[in-house]
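To start, the structure itself, in structure tokens.
Residue numbers (my numbering): 583 to 713.
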């Protein structure tokens, strides 16, 4: 009669599963940090797992889909997900830029007015070429 080694087999299968998951999570992070486009194919290749296995892991599948959806990156500035600006942060930056733009427009208007006045004074004084 053979010895019952099902516990060892179950333990080995659990270890192998956890090792595979950790490899896949590490691969996802490395791909995202490198700015690589995230797809099931790229993750499977990097982690050396099958795509079909990835599809059976709900949390990994959701993370790949999330990164793939948010990862429509420009080729010039790929950023990892954790470094991307939040919507409120972008809103504050836009408000600051608009405020600065208004200030510059006001300053430009004042400078044009002063230049016109100065040129008028020079013309009145009979000076043709101020340069």
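A virtual CB, placed ideally from N, CA and C, is assigned to each residue, including glycine. No experiment lies behind these values; they were computed from the predicted model shown.
Coil, strand or helix - residue i by DSSP
i	result
residue 604	helix
residue 584	coil
residue 708	coil
residue 624	helix
residue 664	helix
residue 639	coil
Chain-order list of residues whose beta-carbon lies under 7 Å from that of residue i (same chain, five-residue window excluded)
i	result
residue 663	614, 649 and 652
residue 686	none
Contact check, residue i vs residue j, beta carbons under 8 Å
i	j	result
residue 609	residue 625	yes
Cutoff 6 Å; reference residue i; Cβ partners in own chain excluding five residues on either side
i	result
residue 585	none
residue 598	none
Nearest-angstrom Cβ-Cβ length linking residue i and residue j, presumed shorter than 8 Å
i	j	result
residue 633	residue 622	5 Å
Outcome for residue i when other beta-carbon atoms lying within 10 angstroms are tallied against a minimum of 16
i	result
residue 616	exposed
residue 676	exposed
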